[in-house]
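The block underneath contains the structure these notes are about, expressed in structure tokens.
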Amino acid sequence: MSEDLKGKVALITGANKGIGYEIARQLGSRGATVLIGSRDIGRGQEAANKFRFSQIDARTIQLDVSDQKTINSAAKQIESEFEKLDILVNNAGIISDSDRLPPSQVDIETLRHTYETKFTHSKLKAPRINPGA
Numbered sequence: 007m008s009e010d011l012k013g014k015v016a017l018i019t020g021a022n023k024g025i026g027y028e029i030a031r032q033l034g035s036r037g038a039t040v041l042i043g044s045r046d047i048g049r050g051q052e053a054a055n056k057f058r059f060s061q062i063d064a065r066t067i068q069l070d071v072s073d074q075k076t077i078n079s080a081a082k083q084i085e086s087e088f089e090k091l092d093i094l095v096n097n098a099g100i101i102s103d104s105d106r107l108p109p110s111q112v113d114i115e116t117l118r119h120t121y122e123t124k125f126t127h128s129k130l131k132a133p134r135i136n137p138g139a
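Per this note's numbering, numbering through the sequence shown is continuous, rising by one, with the last residue being 139.
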């Protein structure tokens with residue numbers, strides 16, 4: 007196992023499954039402390055437990071990137087426990103029934119919400135979590 011990320015703290019949003027899970031696993035296997043950002047705290051804890059079983063330092067943070075309250079709470083938790091955030095992977099996404107439609111058939115409000123979730127909220131949270139961002 008490469009230890010080149012030892013001492014680094016990484017927050018991965020949407021890390022309880024899919025691509026985010028794999029990103030967290032790989033960062034953790036390289037020595038980083040991984041923070042599993044998850045809307046559903048139970049699913050986040052389940053993922054963190056699997057990582058810990060593999061000797062990865064994993065913690066759970068409840069985080070919904072479309073909810074400023076959870077963004078603020080996560081930032082406070084990170085600041086209190088770690089005093090820093092070295093890596094932020096904004097992987098969280100949203101799924102709706104419109105995901106099965108061609109883009110030309112998706113209503114403007116759904117497109118706006120998807121865009122805001124992925125881009126706007128990442129801009130809001132990055133400076134709050136990591137003042138150097």
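Positions of the beta carbon are idealized from the N, C-alpha and C atoms, including for glycine.
Quick caveat: nothing in here was measured; it's all calculated off a predicted structure.
Worksheet item: How long is the line joining the alpha carbons of N97 and E87, rounded to whole angstroms?
Response: 22 Å
Task: R49, DSSP secondary structure in three states - done: helix
In its own chain, which residues sit with a C-beta less than 8 Å from the C-beta of I67, not counting the 5 before and 5 after it? L17, L41, I42, G43, S44, G50, A80, Q83 and I84
query = Alpha carbon to alpha carbon, how far is L107 from R118?
reply = 15 Å
request  = With K18 as the anchor, note down where its beta strand (DSSP E) starts and where it stops.
outcome  = Going by the sequence as given, residue 18 is Ile instead of Lys. Counting along the chain, the beta strand (DSSP E) containing I18 begins and ends at V15 to T19.
Worksheet item: Which of helix, strand or coil does DSSP assign to G43?
Response: strand
| message | On a Cα-Cα basis, can you pick out the residue from I93, G20, N55 and K12 that is closest to S72? | response | G20
> DSSP puts R65 in a beta bridge; with which residues?
Replying inline: L41
**Message:** Rounding to the nearest angstrom, what Cα-Cα distance links N78 and E89 in this structure?
**Reply:** 15 Å
Notebook entry, point to check: Of all the options K75, G26, E52 and L94, which has the alpha carbon lying nearest to the alpha carbon of K14?
Noted result: L94
Comparing alpha-carbon positions, which option in A53, F59 and I47 lies nearest L26? Sequence check: residue 26 is Gly here, not Leu. Among A53, F59 and I47, the Cα nearest to that of G26 is on A53.
*Nearest to D92 (by Cα), restricted to the options A38, I62 and G48*: A38
Could you give the residue range of the beta strand (DSSP E) that holds L94?
I93 to V95
* Could you give the residue range of the alpha helix (DSSP H) that holds Q111? -> No alpha helix (DSSP H) holds Q111; DSSP gives it neither H nor E.
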